[in-house]
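2 protein chains.
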Amino acid sequence: MVGVTAQTNAAGAPASDPATAPMTPQQYGVGARFTLSVYDSNYVEIILGALAEADATGLTIETGDISTFLTGTEQRVLAYVADVIAAASRSGAHLSASILLSRGCPGELQCALPPGVPALGADPVSLETTGVRARAHWSLYPLLDAGADSRRAASGEAEPGEPGDTGSGDHMAPIYAAIDRARAAGVYSGSDHYATRLDGDLAEVLQTAANAWIEVGAAVQHVVTHLTVSVNSPTPIPPGA
Amino acid sequence: MVGVTAQTNAAGAPASDPATAPMTPQQYGVGARFTLSVYDSNYVEIILGALAEADATGLTIETGDISTFLTGTEQRVLAYVADVIAAASRSGAHLSASILLSRGCPGELQCALPPGVPALGADPVSLETTGVRARAHWSLYPLLDAGADSRRAASGEAEPGEPGDTGSGDHMAPIYAAIDRARAAGVYSGSDHYATRLDGDLAEVLQTAANAWIEVGAAVQHVVTHLTVSVNSPTPIPPGA
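Protein chains in written order, with this note's numbering: chain A, 1059 to 1299; chain B, 1059 to 1299.
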């Protein structure tokens, strides 16, 4: 990640000692950065309306001119993003959302957590059906700067049960498992260069990406996933896509 | 990367043996996926006009309803993306571009190149000044699926001069060097959670991200970088940003 050098967590509080206290989602760097683009001259009204409808309980949100940052539990982060996109979609306008989800690397230019902190799992998210059809390009990245444990796991050196153990010795296994679940759920739409295509209710599309990110994150400290979500596009869907 | 299983390269041709022939950019998976979002009800006209102005020489381009894929040399890929965004920006409309650049992992769900192929360098890109001010959030990802050599380099096990040797033994060094160059050029605007903020002429913003991606890619096989670029935003720039 390129991305302050202060040794504080995402919420600005001093990090607790991971050996003595469980980390909060903020301390572990759980959060999102997203940009909602509305292809309509009334975009200000549509975006402000959508933000007013979304439930921000439990979240720290910072909005800038390029993107919006939010941190909190995986469930609250994803529910908020789903709320905002669904509300804006109901305007009927074509929109595109660029979403980055990150776990395990709080801070900015440098991680506030040292490499090799044990990777933390989390419960999968569960989102209410939105009634909004979404199509997305999705990519998932387990990162080399994740620290010694996850690197050892990725290179097959971790012992079963150790921090960093991926179970299968391969971080791709949970990614393939997530894609199998997406196929079974009918959300998988195909694989393109650099990204997997998802198609379904907005809630299912976001859940698929988020739950794979969480599952890989149980073995690899720093995991990032990116989605570009398209709603109400007038562009014909290409054959086979 | 999540994103078919056929053992062919990005252009659909059989991969040549890297031991006997140099790989083309297409064979090495050099390319981009991007989405241009125009916050204006005349977006179709603005986007089609911008595409008509851009020089597609040397590129394979596939446009879908979610995003556009292109492959070719780093220079041609970045020049095309700069052309399209600059032309659309001249409409005066607010726009946001979500850009993914990838090297070292052609194919789709699985890499068509096996892990451990020697990482290939490339010349830095050089883009003509556009006269368009752009602000961006930028993230750079050296990936765990990059293969044995790059994993060895990242964990400090590669010998100097071996494939996968990063020189410094740390893939973060070229990232920090790129940020130092961005500071010197006046393009670095700050570091936020999960992303570095860039601000300058669109050409300088894209060059900064692309050249760091290329430089890290000389040591790590699979490197991806994401940018969200904002132009003509009516949102006030936050103090200090």
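Every residue gets a Cβ at the ideal spot worked out from N, C-alpha and C, and that includes glycine.
As the structure is a computational prediction, the values presented were derived from the model and not from experiment.
Check the Cβ of residue i against every Cβ in chain B and list those closer than 9 Å, keeping chain order.
i       : result
A/E1166 : G1248, S1249, D1250, H1251, Y1252, A1253 and T1254
A/R1091 : H1195, S1197, D1250, H1251, Y1252, A1253 and T1286
What residues of chain B sit near residue i, judged by a beta carbon separation below 8 Å?
i       : result
A/P1296 : G1122 and D1123
A/A1299 : G1122 and D1123
If you follow the beta strand (DSSP E) that residue i is part of, which residue opens it and which one closes it?
i       : result
A/V1096 : G1089 to V1096
Between the Cα of residue i and the Cα atoms of the options, which residue gives the shortest distance?
i       : options                               : result
B/A1108 : B/A1144, B/Y1097 and B/T1121          : B/A1144
B/V1287 : A/G1189, A/F1092 and A/T1131          : A/F1092
A/G1174 : A/I1157, A/L1202, A/A1194 and A/E1120 : A/L1202
A/A1014 : A/G1122, A/L1128 and A/E1186          : A question about residue 1014 of chain A goes unanswered here, because the residues of chain A that appear run from 1059 up to 1299.
A/S1156 : A/A1177, A/A1192, A/G1130 and A/Q1133 : A/A1192
A/G1244 : A/S1154, A/I1233, A/L1256 and A/D1250 : A/L1256
B/I1295 : B/Y1252, B/A1277, B/G1248 and B/T1126 : B/G1248
B/T1188 : B/A1268, B/Q1265, B/L1285 and B/A1261 : B/A1261
B/G1116 : B/S1099, B/I1105, B/T1082 and B/S1147 : B/T1082
B/P1172 : B/G1162, B/V1274 and B/I1233          : B/G1162
A/P1182 : A/V1289, A/A1267 and A/E1111          : A/A1267
A/M1230 : A/L1264, A/W1271, A/V1096 and A/R1241 : A/W1271
A/G1150 : A/I1233, A/P1292 and A/S1125          : A/P1292
A/P1176 : A/L1285, A/N1290, A/G1275 and A/G1298 : A/G1275
B/V1325 : B/I1119, B/V1278 and B/D1238          : Since the first and last residues shown for chain B are 1059 and 1299, residue 1325 of chain B lies out of range.
B/Q1085 : B/H1251, B/C1169 and B/P1232          : B/C1169
Alpha helix (DSSP H) containing residue i: first to last residue?
i       : result
B/I1104 : Y1101 to E1111
Looking at the structure shown, is residue i part of a helix, part of a strand, or coil, going by DSSP?
i       : result
B/I1124 : coil
A/L1202 : helix
B/Y1086 : coil
B/Y1246 : strand
A/A1079 : coil
A/R1241 : helix
B/A1236 : helix
B/T1194 : Reading off the sequence, residue 1194 of chain B comes out as Ala, not Thr. Note: B/A1194 maps to strand in three-state DSSP.
B/A1253 : strand
B/G1219 : Here B/G1219 scores only 33 on pLDDT, less than 50, and its place in the model should not be relied on; the value that follows carries that caveat. Correct three-state label for B/G1219: coil.
Report the neighbours of residue i on chain A: residues whose CB is nearer than 7 Å to its CB, in chain order.
i       : result
B/Y1101 : Y1097
So residue i contacts chain B; which residues on that side make the cut at Cβ distance below 7 Å?
i       : result
A/S1160 : Y1252
A/T1293 : D1123
A/S1154 : T1093 and S1095
Using a C-beta to C-beta distance shorter than 8 Å, which residues of chain A count as neighbours of residue i?
i       : result
B/V1278 : L1202
B/S1147 : Per Cβ cutoff of 8 Å: no residues; B/S1147 is ~14 Å from chain A at best.
B/V1282 : S1197, Y1199 and Y1252
Continuous alpha helix (DSSP H) assignments of at least 4 residues falling wholly in the segment 1128-1184 of chain A: Complete alpha helix (DSSP H) runs here, min 4: 1132-1147.
Whole runs of the alpha helix (DSSP H) within the segment 1256-1298 of chain B, excluding any shorter than 4 residues: 1260-1275
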